[in-house]
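Okay, structure first, notes after.
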Amino acid sequence: MKYIKLFTLAFVLFIGSSFSTKNEIVDMHAIHVTKCNIDFSDEEKTLQITLHIYLDDLESAIKKEGVTEKLNLCTPKENPDGDKYVTEYFKKMFSLEVNNQSVDFDFLGKEPAKNILAGWFYLEVKNVEELNDLKINYKILTDLYDDQQNVIRLKGPHQKKGYFLLNSKETFAHITY
Numbered sequence: 207m208k209y210i211k212l213f214t215l216a217f218v219l220f221i222g223s224s225f226s227t228k229n230e231i232v233d234m235h236a237i238h239v240t241k242c243n244i245d246f247s248d249e250e251k252t253l254q255i256t257l258h259i260y261l262d263d264l265e266s267a268i269k270k271e272g273v274t275e276k277l278n279l280c281t282p283k284e285n286p287d288g289d290k291y292v293t294e295y296f297k298k299m300f301s302l303e304v305n306n307q308s309v310d311f312d313f314l315g316k317e318p319a320k321n322i323l324a325g326w327f328y329l330e331v332k333n334v335e336e337l338n339d340l341k342i343n344y345k346i347l348t349d350l351y352d353d354q355q356n357v358i359r360l361k362g363p364h365q366k367k368g369y370f371l372l373n374s375k376e377t378f379a380h381i382t383y
């Protein structure tokens, strides 16, 4: 009987902790991680960038920047300005230097991930004639969570690969090819 009472109490506390009494967005997932793939295409002379980000986190970060509208990213109810807000946030929180020169990226689009909690975002840097040196400042979501982890996978010239794990304290990566 004692174990049943303890189990019931633990269950009630667990369920109760799942609801927020504050005006905050409740985390829909316990892990705060993004994935970033950066592939150099020697043939197309581009950096092709793919970001995998949890949509609730991205919307919270954009909201923190002052956007008050509901975005509903990657849904049929998506705000018509969703891409604009995402692009503005990415431009502020993600930057690249190729061969010691700052470069701009184009936002190509997005789509929901299979689990629908996350989205895939596609960026491209054009006119990269050669890639000898790449610096990445990746601060996406680091202003939102202290435990944020950002994983970068690189594929450079001659299929040379590199990996980085960044966080809210370390947002910078550098690789020389």
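The opening position of the sequence shown corresponds to residue 207 in the working numbering, with each subsequent residue numbered one higher.
Cβ coordinates follow ideal geometry from the N, Cα and C atoms, glycine included.
Check                                                                                : Outcome
C-alpha gap between Lys269 and Asp349, whole angstroms                               : 12 Å
Straight-line gap, Ile259 to Ser266 (C-alpha atoms, nearest Å)                       : 12 Å
Buried/exposed call for Gln354, threshold 16 Cβ in 10 Å                              : buried
DSSP-derived helix/strand/coil call for Ala236                                       : coil
Host alpha helix (DSSP H) of Ala267 (start-end)                                      : Leu261 to Lys270
Phe370: first and last residue of the uninterrupted alpha helix (DSSP H) it sits in  : Careful: Phe370 lies outside any alpha helix (DSSP H), inside the beta strand (DSSP E) at Lys367 to Asn373.
Residue interval of the alpha helix (DSSP H) (run including Glu294)                  : Gly288 to Met299
Beta-carbon gap between Leu257 and Ile346 smaller than 9 Å                           : yes
Identity of the residue in His364, Asn343 and Ala319 nearest Asn306 by Cα            : Asn343
Nearest neighbour of Ile237, chosen from Asp287, Ile244 and Ala324 [CA to CA]        : Ala324
Burial state of Thr281, where buried means 16 or more other Cβ atoms lie within 10 Å : exposed
Top-ranked residue by Cα proximity to Gly272, from Val292, Gly368 and Lys316         : Val292
For Gln355, the first and last residue of its enclosing beta strand (DSSP E)         : Gln355 to Lys361
Buried/exposed call for Asp352, threshold 16 Cβ in 10 Å                              : exposed
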